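Each residue of the sequence shown is one higher than the one before, starting from 2 at the first, in the numbering used here.
For every residue, glycine included, the Cβ atom is placed at its ideal position computed from N, Cα and C.
Small disclaimer: the values here were computed from a predicted structure and weren't measured.
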Amino acid sequence: MDTNWPSFLATAALLLAAVSILYRRQKKNSSSKPSSESNSSLSDFDSSTRPLPAGNYEVFLSFRGPDVRTTFADSLYHFLDHSKIRTFFDDEGLRKGEKIAPSLVQAIQESKIYIPILSQGYASSKWCLEELSLMVKSLNQNQGHILLPIFYFVEPRDARRQEGSYSRAFRQHSRKHDAETVKEWKEALQVVSHMKGWHVTESDGQGAVIDKIFSHVWSHLMGNYRIVTDELIGVESHVKEVRDLLDLDSKGVKIVGIYGMGGIGKTTISKAVYNDVSSRFERSCFLEDIRETLLKNDGAVTLQNKIISSIMRHDSHVKDTSEGIHIIRDKVCKYKVLIVLDNVDRRFEFDNIFGNLRDFSIESRFIMTTRDIRVLDFFEECRLFEAKVMTRIDSFQLFRKHAFGVGDHQEEKEILCEEFVKAAAGLPLALKVIGSLLFRKEKRVWQEKLEELKERPSDTRVHEILKISYNDLTPAEKDIFLDIACFFVGKTKELPFYMWNDCKFYPESSVSSLILRSLLRIDERNQFWMHDHIRDLGRAIVREENIKQSWKRSRIWSEEEALDMLENGKGNDKVEVLRVNLGDRDVLKLTDEEFRNLSGVRFLEVRGGRMTGDFSKILPNIRWLQLCLCRSIPTDVNLKKVIILNLEGSYVRDDWKGWKRVKEGKKLKVVNLRQCEDLVKAPDLSSCGRLEVINLELCTKMGGELHIGNFKNLKLLRLSSSKITELKGDIQMLQDLEEIDASNLTEMPAGIGNLNSLEILMLILSRVELPALPTSLKKLWLSSPSVPNLLELKDLEDLCFQHCHGAPEIPGDIWLHLTKLKKLTVSFSHCKSLLLQLNDCASIVRLPDLSALKNLTLLNISGCTQLTEVTGLESLESLQVLAMSRCKSVSKLPDLSILEYLRYLNISKCTQLKEVIGVERLEWLELLAMSHCKSIKQLSDLSGLKYLKHLDIRQCRRLTEIKGLQELKSLEVLGVHDPISAPGLMDGMSELHQKYLM
2 MDTNWPSFLA TAALLLAAVS ILYRRQKKNS SSKPSSESNS SLSDFDSSTR PLPAGNYEVF
62 LSFRGPDVRT TFADSLYHFL DHSKIRTFFD DEGLRKGEKI APSLVQAIQE SKIYIPILSQ
122 GYASSKWCLE ELSLMVKSLN QNQGHILLPI FYFVEPRDAR RQEGSYSRAF RQHSRKHDAE
182 TVKEWKEALQ VVSHMKGWHV TESDGQGAVI DKIFSHVWSH LMGNYRIVTD ELIGVESHVK
242 EVRDLLDLDS KGVKIVGIYG MGGIGKTTIS KAVYNDVSSR FERSCFLEDI RETLLKNDGA
302 VTLQNKIISS IMRHDSHVKD TSEGIHIIRD KVCKYKVLIV LDNVDRRFEF DNIFGNLRDF
362 SIESRFIMTT RDIRVLDFFE ECRLFEAKVM TRIDSFQLFR KHAFGVGDHQ EEKEILCEEF
422 VKAAAGLPLA LKVIGSLLFR KEKRVWQEKL EELKERPSDT RVHEILKISY NDLTPAEKDI
482 FLDIACFFVG KTKELPFYMW NDCKFYPESS VSSLILRSLL RIDERNQFWM HDHIRDLGRA
542 IVREENIKQS WKRSRIWSEE EALDMLENGK GNDKVEVLRV NLGDRDVLKL TDEEFRNLSG
602 VRFLEVRGGR MTGDFSKILP NIRWLQLCLC RSIPTDVNLK KVIILNLEGS YVRDDWKGWK
662 RVKEGKKLKV VNLRQCEDLV KAPDLSSCGR LEVINLELCT KMGGELHIGN FKNLKLLRLS
722 SSKITELKGD IQMLQDLEEI DASNLTEMPA GIGNLNSLEI LMLILSRVEL PALPTSLKKL
782 WLSSPSVPNL LELKDLEDLC FQHCHGAPEI PGDIWLHLTK LKKLTVSFSH CKSLLLQLND
842 CASIVRLPDL SALKNLTLLN ISGCTQLTEV TGLESLESLQ VLAMSRCKSV SKLPDLSILE
902 YLRYLNISKC TQLKEVIGVE RLEWLELLAM SHCKSIKQLS DLSGLKYLKH LDIRQCRRLT
962 EIKGLQELKS LEVLGVHDPI SAPGLMDGMS ELHQKYLM
């Protein structure tokens, strides 16, 4: 940036000063007119205000502004930003003083990809060289960073040898900086100049080059976001074939169906294809195990919500398929999408989930995997790919990988390897599981397993291989494996661990063993995941316990089979885990008689209906009792061994006689009374000293106080949407407490600051003054108008101010301390006064109506690139600062003349904005920044803006005339791209008392 534009460089500090000054002025005298005096310029308001939280950026762009900012760098940033790649657009406002700003260092350290644009003048900037040096240091620390240099009108050898403009630049640096620093800069340049990158010359089409750079960046980033698959051996040829079938360069929606038997690698192939081509699409999603999803209630709606959430990149809460189809047609179909539908069966009906295929963008692609090729007959032009068994060489490679590990090889087992590979018949799942089973086992064990396998029929070889791996498990591992396969796939692990621990199943080691044997995986959401073939094996093993008499099996999860057993008195001691779903059949009643013989049950779930009778002497081994949405539940239940009691949504009152039994539950660790709407006060659980989880969410009538002093083991306390106002007892005793979620507390115990394990504190709707907070917090949600001291919360990742009635005054330097902050949310549905900063919320498509915020003084929505309109803006009569630069999708604004107190208006880079109505009547306006507004053709007469000091109209190429410039007596700084090309623009400038002209 030009040195004659100094006031536009100090924007970070100026923003904080402006916010502080404006807010203090408002508090001091909200009715007075704003002063015309100002010591600050906010022309770069947008870029300087954004905090730089750890991990918030994926790409760091480094460049010298005057060389490339308004051309190449701007275009590259647009490409990256449009695809939701969080990009740090090197902010010269952070380049101040003698040392590089800590926030800039943080941005470099936490970014995944570095892109320095080495232009003619790059080396003349000490800041560019400092950044480059930091990038190289980060690379040397081997933390997974990637550096992709761009040589922009510069020969790489000039940078390498410091010749040409680089030689001149370093001669200057040698006079101003010490030799060691200059040497470090030179070495960094040499390292970077040897790296593979892009050489941009005058003959290159810059758009094409940027497209290549973008594709390269996207492919690197997809390594962090791509679908996890570690079995890519021999898959390259399959990927090429499927890619050819997708015909990515042609028009028209295409569907490719991958079919083949279970365990043959259909999902692996589809994941590899997804990872390979998804960067070619605007949006993409991978939907796993369609078959299992559609077996559940509202499975089709669940799929629609997943699709909409993935494509639109925000939560979806579709209630029925009709609504889902409507949203998919209106929203999803606008994008060029890639959608993978994994494990589709005959229950899948495309039209009932997606609507009409012809509504999708003509460049969209679908991939489906299925065991049943007939599923694909529905699509007239579906292109088919048959997943075939692995070649002998690939089979050996995959088997060895799991049987020996990387780099290990044992010749004495080579012949046995041949036999196992032959037995697996080229099926990846079988090779993986049997290899994992034999890992680090002696040769004798290999021989035994091979003999066992040979005795099995060849036509069920995959099933038998998996069965051998299952047979090798310990009894505890088998129990956990079957529990997960039948009940807990897709569930988080915490609650099952409570039960398994009490049953002496040793879940930590058992689950680890299942993972090592490739029978189980914990996904990124901390949920259990099994290959559908393995899950089906577990359920088949349970069915084989008794083929004809389902009631004599250890686990019953089928609604029909469970009701058949109970209604016909077939209960027995073989049943261990039982799920009964009565749905909304209110008249259906179950009594103690139906459960009398179920002495072996350790997990019981009943949903809906009514339960009556004396349960005090039955179910003696129950550990997990889940009676949800029941209209009545028994009062006399044996809870002596119960670890988890879940009565969610059931009809329970304060006078329920069962509370006596609950108090006897000395082993209770989890009590879930969520949505028990008839409870008026919190139950007395003080005798349950082992409690670790208390959930009273949505107990909407429950008020008063909750005694917590006895719960020394408590880890999680959830009270949101209840009316509990006070926590009684010494909270400092709860040293294991990790989460508090409450919504109506009026007072927070002072000792909360000493809870060193507390990571989540959610106090939405709680009007509570907070004392000192524990430094361990990672998530903090508040509704208080007063902001607690946040400066010590170094680990804070998620900060939310929601439903504030006052104006939370946030210290301006707070963002320099919250370096790990990833998410900042401000909800203003009830706010009356607020400094509202939502800058760089690139996923926001719309804002709620702002018209109720009559006292709003500052609104920063800069960088909200998907935002199309700002509803209610014309009603913000107290607004003094409006920053909305880089709102690239906003095409119109309401009449701004009502904003009579507005002093700072920044609409720079609103490239779709065609006009600004009412700005000529903003008599107190001091700054108007509208550079790069390429669609604006005219402005109204500005002669009435008697306090205007700064006007930036650079790169407004369609703007040929501004009336009233000669009347702007206070104007100090005018930014104009090329006054010669628009001679009428400068009429009367000789009379201006200008300090700077650009």
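Boundaries cannot be given for residue 950, as no beta strand (DSSP E) includes it and DSSP labels it neither H nor E. Secondary structure in the region 680-735: the beta strand (DSSP E) runs of 3 residues or longer, each lying completely within the stretch, are 694-696, 704-708, 717-720 and 724-729 in chain order.
In this structure residue 953 is buried. Its beta-carbon is surrounded by 16 or more other beta-carbon atoms within 10 angstroms. Straight through space, the alpha carbons of residue 961 and residue 947 are spaced by roughly 22 Å. With a threshold of 16 other beta carbon atoms within 10 Å, residue 331 falls short and is exposed. Judged by their CB atoms, residue 631 and residue 611 are nearer to each other than the 8 Å cut-off. DSSP places residue 761 inside the beta strand (DSSP E), whose first and last residues are 761-763. Annotation for residue 499: the continuous alpha helix (DSSP H) segment containing it runs 495-503.
Counting along the chain, the unbroken alpha helix (DSSP H) around residue 660 starts and ends at 660-664. Under the three-state reduction of DSSP, residue 576 is assigned to coil, being neither helix nor strand. Contact fails between the region 498-505 and the region 421-438, because fewer than three Cβ pairs, one in each stretch, are under 8 Å apart. Ranked by Cα distance from residue 678, the first of 646, 644, 639 and 720 is 720.
Within the region 523-574, the complete alpha helix (DSSP H) segments of 4 residues or longer fall at 533-545 and 560-568, listed in chain order. Within a 10 Å sphere around the beta-carbon of residue 340 sit 16 or more other beta-carbons, which makes this residue buried. Judged by DSSP in its simplified three-state form, residue 608 adopts strand. Residue 200: member of the beta strand (DSSP E) spanning 199-201, first to last residue.
Excluding sequence positions up to five before and after residue 117, its CB lies within less than 6 Å of the CB of 63, 133 and 150, all in the same chain and listed in chain order.
With three or more CB-CB distances shorter than 8 Å, the region 134-141 counts as touching the region 187-194.
For residue 379, the number of other beta carbons within 10 angstroms of its own is below 16, and it is reported as exposed. Counting only the Cα atoms, residue 792 lies some 40 Å from residue 896.
Our two residues, residue 67 and residue 177, have alpha carbons roughly 22 Å apart in a direct line. Per DSSP, residue 59 is not a residue of any alpha helix (DSSP H), being assigned neither H nor E.
By the neighbour-count criterion, in which 16 or more other beta carbons inside 10 Å mark a residue as buried, residue 175 falls on the exposed side.
DSSP lists 371 and 387 as the beta-bridge partner residues of residue 260. If you check the CB distance, residue 877 and residue 906 do not come in under 8 Å.
Distance between residue 620 and residue 304, taken at the CA atoms: about 37 Å.
Counting the other Cβ atoms within 10 Å of the Cβ of residue 524 gives fewer than 16, which makes it exposed. By the Cβ-count criterion, residue 690 is exposed, with fewer than 16 other Cβ atoms from all chains shown falling within 10 Å of its own Cβ.
In this chain, residue 399 is not harboured by any beta strand (DSSP E); it is covered by the alpha helix (DSSP H) spanning 393-405. Judged by DSSP in its simplified three-state form, residue 252 adopts coil rather than helix or strand.
The region 310-322 makes no contact with the region 254-263, as fewer than three CB pairs between them are under 8 Å. Just so you know, the alpha carbons of residue 390 and residue 246 end up roughly 20 Å apart. The beta carbons of residue 693 and residue 673 sit no closer together than 8 Å.
Of all alpha-carbon atoms in 642, 732 and 594, the one lying nearest the alpha-carbon of residue 635 is that of 594.
Inter-segment contact for the region 908-923 and the region 885-899 is present: three or more beta-carbon pairs are separated by less than 8 Å. By the neighbour-count criterion, in which a residue is buried when 16 or more other Cβ atoms sit within 10 angstroms of its Cβ, residue 516 is exposed.
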